[in-house]
Every structure is written in structure tokens, then in C-alpha cells.
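Colleague: Take a look at this one; I'll ask things after.
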Amino acid sequence: MIGRWYLGFDYINVISNPLFQSIGIPLLIFLGFWLLEKILGRYLLPLIGRYTSQTNAKIDTKLVMAFVKPIRVLILVLGVYTALMYLPLFNGQDLLVSRFFRSLVIIIIAWGASGIAGTDSVLSDEFKQKLHLDSILVVFFLNVVKFIIVALAIVLIAHEWDYDVNGFIAGLGLGGLAFALAAKDALANIFGGIVIIMEKPFSIGDWIQTSDVEGTVEEISFRSTRFRTFTQALVTVPNSNLANNPITNLSRMGKRQIRFTLSIDYAGPRGKIEEFIAEIRAVLKSNPAIHPQTILVYLETINVNSLDILLYFFTNTTNWEEYLAVKEQINYQIMDIMAAKHLALAAPGRIIYSENTVGEKLITDQATE
40 MIGRWYLGFD
50 YINVISNPLF
60 QSIGIPLLIF
70 LGFWLLEKIL
80 GRYLLPLIGR
90 YTSQTNAKID
100 TKLVMAFVKP
110 IRVLILVLGV
120 YTALMYLPLF
130 NGQDLLVSRF
140 FRSLVIIIIA
150 WGASGIAGTD
160 SVLSDEFKQK
170 LHLDSILVVF
180 FLNVVKFIIV
190 ALAIVLIAHE
200 WDYDVNGFIA
210 GLGLGGLAFA
220 LAAKDALANI
230 FGGIVIIMEK
240 PFSIGDWIQT
250 SDVEGTVEEI
260 SFRSTRFRTF
270 TQALVTVPNS
280 NLANNPITNL
290 SRMGKRQIRF
300 TLSIDYAGPR
310 GKIEEFIAEI
320 RAVLKSNPAI
330 HPQTILVYLE
340 TINVNSLDIL
350 LYFFTNTTNW
360 EEYLAVKEQI
370 NYQIMDIMAA
380 KHLALAAPGR
390 IIYSENTVGE
400 KLITDQATE
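According to this note's numbering, the residues represented by the sequence shown are 40 to 408, in order.
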């Protein structure tokens with residue numbers, strides 16, 4: 040009597056009661072899974088997260104964080120399914136519950152996989168670090184992966200509910216072909232954008248020159264690239280045009296060229312011209328802003344009205360304003376050397392010969408207009 044009663048409660052009669060077996064036991068089963076979900080969510084999963092955070096690799100921590108919520112939801116779904124399967128259901132009802140359960144499991148797995156392939160997920164960091172891919176390209180590929188995961192989940196769920204997925208897949212193939220033909224130019228721009236992002240012929244902020252546009256890159260997308268020209272106009276160029284045309288990246292010059300010809304008037308002996316050239320060469324070599332590798336200063340051409348001296352050298356800076364400042368400084372130094380040597384720039388002109396009444400020739404040097 041004592042074994043059957045405790046504090047006036049008959050456990051054996053309650054357990055054997057048909058109402059308790061049909062309602063109470065399924066409810067207890069669900070409560071057991073609910074408690075398991077709470078224990079895992081509050082204690083076990085945070086403990087695993089703390090353990091993985093102490094390791095050098097970040098991939099295990101992000102994998103755990105991506106599946107925390109799906110696992111908790113899966114436990115609750117499993118509890119509901121187990122409780123329902125304990126009930127005395129008919130054959131059709133059992134099949135319906137099983138299909139719902141398997142469909143929910145597919146959705147939960149796709150949810151967790153999509154979390155792994157998210158923009159701020161472990162895959163994005165791994166792609167950026169190990170494959171040295173651009174962030175835009177990583178986002179594009181991860182979105183493609185997420186689309187494939189969702190499409191695969193839809194196909195599996197449709198197959199679970201006895202839908203004919205073969206016709207659906209064939210329809211997708213025909214629809215994809217029609218879409219590809221209709222969006223040929225758009226797809227060409229997208230693939231051109233992928234090529235640009237992978238090969239990286241330029242980056243945002245670079246000074247670019249092509250056959251169509253010259254300016255600074257402001258934005259790179261999969262369809263087009265935007266440039267800010269030097270007149271402050273915004274130009275949008277399709278990526279297919281950029282991928283198929285030569286691109287000159289002026290921002291990636293290691294040095295900047297200065298080349299011009301200095302035309303000197305005939306004045307003085309040859310030694311004065313040689314000293315003039317030697318002093319210009321010495322000034323260029325002593326200037327820290329000039330690249331020392333290639334400095335060419337030579338008497339290139341002897342013309343009718345001038346001696347043409349070629350100056351060919353490079354500045355260390357590629358910045359436009361700094362380049363102009365260095366060029367200005369060199370010009371002032373050349374002017375000082377010319378003044379010290381009493382040399383002048385040659386003026387184009389012509390010599391006119393005439394004869395006076397006495398028969399003497401008069402020679403007049405007239406400058407051309």
C-alpha cells in the first residue's frame with residue numbers, strides 16, 4: 040500500500056490511465072526535449088564556444104556560432120515529432136507528420152549552411168585570407184552558394200512531397216537558356232566585372248586611362264565601373280568594355296617621366312655648350328626628387344636656327360601636384376644656368392639677303408611672326 044501511494048497520490052493508476060498515456064506522456068516527452076534545448080543553449084553550446092575561442096583557428100568558433108540556433112530549433116522540432124509519433128495516429132497521419140518533420144529538418148540544415156555561407160561568415164574570411172580574393176568577389180560567390188543551397192533545399196522538399204522535380208529542373212534549364220539569351224549584355228558585364236575584380240588591373244582611387252575615359256575610379260560593381268574625370272564629371276563604363284580594351288593604370292607608375300627639348304641659340308664656342316649641358320646634368324643628379332637611374336642630357340640635333348638639347352629623366356613621385364612642383368624647380372635652375380652662361384633660347388626666324396644700289400649685300404635677320 041505504501042509502494043502504491045505517496046502523499047495520497049496513486050502513480051500506478053495515473054500512469055495506466057488512457058488519458059494520461061495519450062496526452063500526458065507526449066507532453067512529458069516534449070517537455071524533456073524542451074529542457075534539453077534549454078540546457079544546451081545555456082550551458083553546453085556556450086561552453087563549446089568558449090573552448091573553440093581559445094584556439095588559434097577562428098573557423099571552428101564561427102561554425103559553432105552558425106549552427107547554434109538551428110540546433111536548438113532542431114531539438115524542439117524533434118521533440119514535437121517524437122511526441123506526435125507517440126500518439127495513436129492513423130497511417131495517413133503518420134506519413135503526414137513524417138513528411139513535415141523531414142521537410143523541417145531540410146529547412147533547418149539549409150538555414151545552418153546558409154549561415155556558414157553568409158557575408159560575414161567563416162567562408163568569407165577564409166576566401167579573403169587564403170585565396171587573396173577581393174571582398175566584392177567573395178560576396179558574389181557566397182551569394183551564389185546561398186542560392187544553390189536554397190534551390191537544393193526546395194528540390195529536396197518538393198521530392199519529399201512526391202512532386203516531379205525532373206520537369207521542374209528541365210524547365211529551369213530552358214528558362215535559364217532563354218534568360219541568358221535575353222540578358223546577354225548584362226551577363227557579359229557581370230563576367231567582365233569578375234575578370235576585373237580577380238585580375239585587379241585597378242582599384243578604387245586609381246587614375247585610369249582607357250580609349251573611352253580617363254579619370255579616377257570611384258566605384259566597381261559587377262555591371263559597370265564609375266570614373267570621376269578631371270572635369271568632375273561622373274562617367275559609367277560597362278565592365279565588358281573595360282575587360283576587352285587596354286587599360287593604363289597611371290597610379291601604379293613607379294616613377295613619372297619628364298621629357299622635353301631645350302632649343303639654345305648659337306652663342307659662344309663649343310665649350311660653353313658642353314659646360315651648360317654638364318651643369319644641367321649635375322643639377323639633375325644632385326636633386327633628391329629625381330630618380331637617379333635614368334638621367335639623359337645630350338645635344339640631340341643641330342638645326343638651322345638652334346641647338347636642340349634633349350632632357351629625359353624621371354621624378355620619384357607620381358603625384359600630379361608634386362610632379363609639377365619638381366618640374367618647375369628644374370626649369371628655374373635651368374634658367375639660372377642659362378643666365379650665368381649668357382645663353383638664350385633660340386627664336387625661329389629667317390635670313391633675308393638684299394643688294395643695294397652700290398652692289399653690297401645687306402643681311403637682315405627677321406624673326407618669324
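Glycine is no exception: its CB is placed at the ideal position from the N, C-alpha and C atoms.
Given the structure is predicted, the values throughout are model-derived calculations rather than measurements.
Do you know how far the Cα of TRP200 is from the Cα of VAL136?
Modeller: Rounded to whole angstroms, VAL136 to TRP200 spans 12 Å at the Cα level.
Colleague: Rounded C-beta distance between THR354 and ARG295? I'm assuming under 8 Å.
Modeller: With 8 Å as the limit, THR354 and ARG295 qualify as a contact, their Cβ atoms being about 5 Å apart.
Colleague: What is the DSSP secondary structure of PHE139, reduced to helix, strand or coil?
Modeller: In the structure shown, PHE139 sits in a helix (DSSP, three-state: H, G or I).
Colleague: How about PRO285 and SER263: are their beta carbons less than 7 Å apart?
Modeller: Not a contact, by the Cβ cut-off of 7 Å.
Colleague: Using a Cβ distance threshold of 8 Å, determine whether the segment 244-255 contacts the segment 286-293, with at least three qualifying pairs required.
Modeller: Yes: at least three Cβ pairs fall under 8 Å.
Colleague: Grouping DSSP H, G and I as helix and E and B as strand, with all else coil, what is SER263?
Modeller: In the structure shown, SER263 sits in a strand (DSSP, three-state: E or B).
Colleague: Roughly how many angstroms separate the alpha carbons of ILE319 and TRP359, rounded to a whole number?
Modeller: If you take the alpha carbons of ILE319 and TRP359, they lie about 23 Å apart.
Colleague: Based on Cα-Cα distance, which residue from ILE329, PHE315, ILE155, PRO331 lies nearest to LEU338?
Modeller: Cα-wise, what sits closest to LEU338 is PHE315.
Colleague: Please report the Cβ distance between ALA378 and SER302, rounded to the nearest whole angstrom; I am assuming they are in contact, meaning their Cβ atoms lie under 8 Å.
Modeller: Between SER302 and ALA378 the Cβ distance is about 17 Å, and since that is not below 8 Å, they are no contact.
Colleague: Is it true that the CB of ILE145 sits closer than 7 Å to the CB of LEU195?
Modeller: Cβ atoms of LEU195 and ILE145: closer than 7 Å.
Colleague: Is the Cβ-Cβ distance between LEU115 and PRO65 less than 7 Å?
Modeller: No, these two residues do not count as a Cβ contact at 7 Å.
Colleague: As a quick exercise: from ILE110, ARG81, VAL119, ILE78, pick the residue whose alpha carbon is nearest that of PHE69.
Modeller: It is VAL119.
Colleague: In terms of residue numbering, what span does the alpha helix (DSSP H) encompassing LEU346 cover?
Modeller: No alpha helix (DSSP H) holds LEU346; the beta strand (DSSP E) holding it covers 346-354.
Colleague: Could you please give the first and the last residue of the uninterrupted beta strand (DSSP E) stretch that includes TRP200?
Modeller: Here TRP200 belongs to no beta strand (DSSP E), and DSSP marks it neither H nor E.
Colleague: Using CA coordinates, which residue listed in LEU335, GLY71, LEU349 is at the minimum distance from ILE341?
Modeller: The shortest C-alpha separation from ILE341 is found at LEU349.
Colleague: For ILE431, count the other beta carbons within 10 Å of its own beta carbon; 16 or more makes it buried, fewer makes it exposed. Which is it?
Modeller: Examination of residue 431 is not possible in this model, given that the chain is present from 40 through 408 alone.
Colleague: Which partner residues of GLY254 appear in the DSSP bridge assignment?
Modeller: According to DSSP, GLY254 bridges with ILE247.
Colleague: Here's the rule: buried if 16 or more other CB atoms are within 10 angstroms of the residue's CB, otherwise exposed. What is LYS185?
Modeller: By the neighbour-count rule (16 or more Cβ atoms within 10 Å), LYS185 is buried.
Colleague: Could you give the first and the last residue of the continuous alpha helix (DSSP H) run that contains SER325?
Modeller: Run containing SER325: 309-325, per the alpha helix (DSSP H) assignment.
Colleague: If we count the other Cβ atoms within 10 Å of its Cβ and call it buried at 16 or more, is ILE369 buried or exposed?
Modeller: So ILE369 counts as buried.
Colleague: In the DSSP assignment, find the alpha helix (DSSP H) that holds GLN368 and state where it starts and stops.
Modeller: Its alpha helix (DSSP H) spans residues 359-380.
Colleague: Expressed to the nearest angstrom, what Euclidean distance is found between the alpha-carbon atoms of ALA412 and ALA149?
Modeller: Because the chain is modelled from 40 through 408, residue 412 falls outside the range shown and cannot be assessed.
Colleague: Tell me which residue opens and which closes the alpha helix (DSSP H) that GLN279 is part of.
Modeller: At residue 279 the sequence reads Ser, which differs from the Gln that was named. Start and end: 278-282.
Colleague: Taking DSSP as the reference, what is the three-state secondary structure of THR333?
Modeller: It is coil, neither helix nor strand.
Colleague: Near GLY231, which residues of its chain fall below 6 Å by C-beta distance, leaving aside the five closest residues on each side in sequence?
Modeller: If we look at GLY231 and ignore the five residues flanking it on each side, its Cβ neighbours are ASN278, SER279, ALA282.
Colleague: What whole-angstrom Cβ distance do MET334 and LEU323 have, given they're in contact under 8 Å?
Modeller: Residue identity check: residue 334 is Ile in the sequence provided, not Met. Their Cβ separation, rounded to whole angstroms, is 5 Å, which keeps ILE334 and LEU323 in contact under 8 Å.
Colleague: Report the three-state DSSP secondary structure of ILE196 (helix, strand or coil).
Modeller: Helix, per DSSP.
Colleague: Considering only C-alpha positions, which residue in the set HIS381, SER250, ARG138 is nearest to ASP304?
Modeller: Nearest of HIS381, SER250, ARG138 to ASP304, Cα basis: HIS381.
Colleague: Can you list, in chain order, the residues of its chain with a C-beta nearer than 7 Å to that of LYS366? Leave out the 5 residues immediately preceding and following it.
Modeller: ILE297, listed in sequence order.
Colleague: May I have the straight-line CA-CA distance separating ASP330 from LEU363, to the nearest angstrom?
Modeller: Residue identity check: residue 330 is His in the sequence provided, not Asp. Cα-Cα distance, rounded: 15 Å.
Colleague: Shortest alpha-carbon distance to LEU311 belongs to which of ILE259, ARG111, ILE376?
Modeller: For the record, residue 311 in the displayed sequence is Lys; it is not Leu. Closest by alpha carbon: ILE376.
Colleague: Go ahead and label PHE261 buried or exposed: buried means 16 or more other beta carbons lie within 10 angstroms of its beta carbon, across all protein chains shown.
Modeller: So PHE261 ends up on the buried side.
Colleague: Any beta carbon of chain C sitting closer than 7 Å to that of ILE229?
Modeller: In the structure shown, chain C does not exist; there is a single protein chain.
Colleague: Per DSSP, what are the beta-bridge partners of LEU273 in this structure?
Modeller: DSSP lists ARG267 as partners of LEU273.
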